[in-house]
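Letter 185 of the sequence shown, counting from 1, is numbered 207 in full-length UniProt numbering, and no numbers are missing.
Shown next, in structure tokens, is the structure this report addresses.
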Amino acid sequence: STTATQDQDGVLNIGGVPVTEIAERYGTPAYVFDEADFRMRCTTYREAFHDFDIYYASKAFLTRTSARIAKETGLSLDVCTEGELAYAKAVDFPPERVLMHGNNKSEAELAAALEYGVGRIVVDSREELDRLEALLPSFPNSRPGVLLRVTVGVRADTHAHIATAHEDQKFGFSLVSGEAEEAVRRVVDNGLLELRGLHSHIGSQILTTQGFEAAAKRLVGLRAKLAEDGIDLPELDLGGGFGIAYTSEDQPTPAAEMADILRTAVAKECAQLGVSVPRLAIEPGRAIAGPSGATLYRVGTVKHREGIRTFVAVDGGMSDNVRTALYAATYTVQLAGRVSDAAPTLVRVVGKHCDAGDVVVRDDHLPADVRAGDLIAVPGTGAYCRSLAHNYNQIPRPPVIAVLEGRAREIVRRETVADLMGLDVG
Ligand code: LLP
């Protein structure tokens, strides 16, 4: 994060708080959330995409605090379950600035969204159109704008698990098969829902821009086709997916540049096809939350495997960061509690789970004298680490410690074994 510094004793400070102090007060492992960094990124997106609606994709990192900051900085909120919607309610997020996603929303979830009066619902299937139309009469005061999620047939340049716009995956109405067009016509013919536009989300952690441009073009193409029949779709939501730098090899496109690219691609295609320019929206999650988080661990064991590498085992693992195992994600690690002038050695940071795939950082370097008791930090864990955390081996999930201007506070408490046992009522 932007406020991270290392003092002369080698102690990492985040938000003006030494991580040694965090470890002492709250224990390890712990997620450290840099509030100023998160707020700064919300503002950066707000400014770069000033002419867009910006929905913070709350799935990336959702706490009351992050939802509140998104609200205060003028962002809107993307939620995709009743659980995520509960956070919007908890911080009084203006309902009209909440958008509901999900590829298999239940009737209860749709009802909850209508009850709260969300501004947009992104519909992903025919069955959902049926459910939504059937529910509307029970909520006469709720008239959400509807967007249809379109599978644009673009293969995003990212890991297969997080590419979401080619045909062979579960999201959206297919463009190439004509399903998307048919869905639009069906909604228009029924006349029950207020159709505002189209939506596409091509995937996540995408560092190139071609996929976004291709998706935008295809959506404008569909819009133009529908416009010929007098169907006007004033909005176009291009989803999220903007990649961040996990290592120095990743070169993300700055927000302002991305805004320009999207704006230009849409405007150009609209001009070419002779249609009006729609109101644009994006849904960044990782690009806002990712850099603002770091995970703090305590080293427990160190095994030097001669000629191979050194395995550094920490007090957490794949339960607090499953991304390395799930998406072959790359992270870096640093010694965070002391100085060392030992030479760097190749390490693999592993956890304490019963699984050889329990790797937090696949390949990076730590001083060769790394030893039990050392504090280490893994930066860039703000997005999808806490969100994807689980309890394999009955390991309680770490707390989230927010740091700001030299002060630390626990915003999500550490889970306990008693919390986990409490769910077992057998
Ligand atoms: N909009 C929609 C409809 C989405 O499905 C997502 C993410 C976003 C926006 C935000 O995408 P972002 O800007 O954060 O890339 N668990 C995976 C990421 C899954 C992303 C799911 N959808 C990971 O840890 O990499």
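Glycine included, each C-beta is placed from N, C-alpha and C at the ideal position.
Item, Value
"Nearest to TYR414 by alpha carbon, out of VAL439, LEU368, GLY404?", "VAL439"
"For VAL120 and CYS292, I'd like the C-alpha separation in whole angstroms.", "27 Å"
"Do you know how far the Cα of ILE253 is from the Cα of CYS407?", "42 Å"
"Output yes or no for whether 8 Å exceeds the beta carbon distance between ASP59 and SER270.", "no"
"Apply the 10 Å Cβ neighbour rule to VAL361 and answer buried if 16 or more other Cβ atoms are within range, or exposed otherwise.", "exposed"
"Could you give the DSSP three-state label for GLN30: helix, strand or coil?", "coil"
"Quick check on the burial criterion: 16 or more other C-beta atoms within 10 angstroms. Buried or exposed for PRO116?", "exposed"
"Kindly list the residues whose CB is nearer than 6 Å to the CB of ARG431, restricted to its own chain and excluding five residues on each side of it in sequence; keep chain order.", "ALA424"
"If we call anything under 8 Å between Cβ atoms a contact, is LEU220 one with LEU258?", "yes"
"If distances are taken between C-alpha atoms only, which option among VAL168, HIS375, GLY261, VAL209 comes closest to SER226?", "GLY261"
"By Cβ distance, which residues of its chain are closer than 6 Å to GLU129, with the 5 residues on each side in sequence left out?", "ARG153"
"Going by DSSP, name the residue or residues bridged to VAL361.", "DSSP output for VAL361 lists no bridge partner at all."
"Note down the Cα distance separating VAL174 from LEU248, rounded to an integer number of angstroms.", "16 Å"
"Compute the Euclidean distance between the alpha carbons of ALA390 and SER80, then round it to the nearest angstrom.", "39 Å"
"Using only the alpha-carbon positions, how far apart do PRO274 and GLN232 sit?", "13 Å"
"May I ask which residues mark the beginning and end of the beta strand (DSSP E) holding TYR78?", "74-79"
"With a threshold of 16 other CB atoms inside 10 Å of the CB of CYS64, please say whether the residue is buried or exposed.", "buried"
"Closer than 6 Å by C-beta to THR332: which residues in its own chain qualify, once you throw out the five before and the five after it? Chain order, please.", "HIS326, THR367, VAL369"
"Any idea what DSSP makes of GLY322, helix, strand or coil?", "strand"
"Per DSSP, which residues does ASP259 bridge with? Please list them.", "HIS221, ALA303"
"Nearest to ASP342 by CA position, among ALA311, LYS374, GLU328, GLY322, is which residue?", "LYS374"
"Please list, in chain order, all residues of the same chain as LEU357 whose beta carbon is under 7 Å from its beta carbon, the five residues on each side excluded.", "GLY32, LEU388, PRO389, VAL392, ASP396, ILE398"
"How about ILE224 and ALA281: are their beta carbons less than 8 Å apart?", "no"
"List the residues that DSSP assigns as beta-bridge partners of LEU368.", "HIS387"
"Using a Cβ-Cβ cut-off of 7 Å (strictly less than) and excluding sequence neighbours within five positions of ILE44, which residues of its own chain qualify?", "ALA52, VAL54, LEU318, ILE423, ALA430"
"What's the gap between the Cα of THR286 and the Cα of GLY167?", "25 Å"
"Please state whether DSSP places SER98 in a helix, a strand or coil.", "strand"
"For a test of the three-state rule: what should DSSP assign to GLN191, helix, strand or coil?", "coil"
"Check this for me: beta carbons of LEU255 and VAL344, under 8 Å apart or not?", "no"
"Could you tell me if ASN212 is buried or exposed, where buried requires 16 or more neighbouring beta carbons within 10 angstroms of its beta carbon?", "exposed"
"Kindly indicate the opening and closing residues of the beta strand (DSSP E) around GLY167.", "167-173"
"Please list, in chain order, all residues of the same chain as THR50 whose beta carbon is under 6 Å from its beta carbon, the five residues on each side excluded.", "LEU318, TYR319, ARG320, ASP337"
"Pick out whichever of HIS72, ASP114, TYR67, GLU69 has its Cα sitting closest to the Cα of THR87.", "ASP114"
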